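Here is the structure we will look at.
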Amino acid sequence: MKETIDRLRSEGSERIKAAATAADVEAVRVALLGRKGEVTLLLRALKDVAADDRPAMGSELNRLKVDLGDLLSVRDLELSGGSRGDAESFDLTLPGTSPSAVGTNHPLVSVLESICDIFYGMGFSRGDGPEVELDYYNFTALNFPDDHPARDIQDTFYIDKKVCLRTQTSPVQVRYMERIEPPIACVFPGRVYRNETADASHSAEFFQIEGLVVDENISMADLKNTVDTFVKNFFGADEPTRFRPHYFPFTEPSVEVDMQCMVCRGKGCGVCGQTGWLEIMGAGMVHPNVFKAAGYPEDKYTGFAFGMGIDRIAMLKYGVGDIRLLYENDLRFLNQFRGVL
Ligand SMILES: [Zn+2]
């Protein structure tokens, strides 16, 4: 059979080359690859070949079929005047037509993805949760007392007594921990909602990214190192960061994280309100009550969590002065990010 294949390969390509019209090409195609073509008959005869030789013969024969098919298509193209080498009918040096409008990612999406990429590089995975959330996950499981002001209808969009639009990405932490045993290193980006009056720095909807690391012996030092690595990679400079003590119900101790203002390098300017520092995220060590809500054994694990506003980070990096610009979909604004992000 091997000899027949070799013969068909050389004879077949000769016959294809010799074809002078489209009808000739078609005739050769039928003679070789048609239902009763030589290659087709050979494929059918494959079942009579010794079992040991069959796989090798089969693949040889298939390659022949594909190669002859390609040669036939090329010859067909040459005869129809569409040859890639036919300089008279097709001038390769002519400039092409560029599409007039090409879509691109919204700057917030690009920033979100590049933030996630940095955390992937540190071994984090990515999780997701619902935007319409139970009050339990948004508040109770995160150790918010019943009378906490954030639960107030003035801050939270409630759908009914037990269901609200999530005000933060933190509830995904609890949902995730309920399902997954440590070690955990995961980021949860997404849209959140607050009942705020829109102004230059507030919007009723915005984006956050939450990070969670849980294992045995995780400490504040791990948090600091993670934050520093992120700032260095995202802002592209070695700006120092600092922790300021703060309060969040779901972390203890809690901190707000500042990075040195990259505009004035700490000297004080309009962007940083003359302080030399810019607040970039809230963070802390996961509160034991949150581990309890997730069903983890007491005192076995420690972990840290952080949350930052993606809008704020994007505004800081690209010098955007008004958050509303990010939601108005004004192409004059959006087009400035084309090719930058
Ligand atoms: Zn500054």
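In the numbering used here, the protein residues as written are 1 to 341.
Beta carbons: idealized from backbone N, C-alpha and C, even for Gly.
Keep in mind the model is a prediction, meaning the values are calculated, not measured.
DSSP state of residue i mapped onto helix, strand, coil
i	result
C116	helix
R15	helix
V109	helix
P253	strand
M259	strand
S100	coil
A20	coil
L94	coil
T241	strand
M315	helix
I209	strand
D299	coil
Distance, residue j Cα to residue i Cα
i	j	result
L316	Y137	30 Å
D311	H148	26 Å
G319	C269	13 Å
F139	P171	8 Å
S114	F291	30 Å
T104	R242	35 Å
N335	H106	9 Å
Nonlocal neighbours in the same chain, by C-beta distance under 7 Å from residue i, ignoring five residues either side
i	result
I218	T302, G303 and F304
C186	F124, S125, R126, G127, Y176 and L212
Q154	N195
Sequence-distant residues of its chain with Cβ nearer than 6 Å to residue i (five each side left out)
i	result
D146	none
H287	N143, F250, T251 and E252
L94	none
Sequence-distant residues of its chain with Cβ nearer than 8 Å to residue i (five each side left out)
i	result
A19	V25, A27, V28, R75 and L79
I5	L42, M57, E60, L61 and L64
A150	F139, F144, T156 and T167
D48	none
P182	V214, D215, E216, Y296, Y301 and G303
Closest Cα partner of residue i within the set the options
i	options	result
F206	E14, D215 and V192	V192
G236	I118, F306 and D135	I118
V263	R324, G273, E256 and A23	G273
Can you tell me which residues fall inside 5 Å of ligand 1, judged by beta-carbon distance to its nearest heavy atom, and keep chain order? C261, V263, C264, C269, V271 and C272
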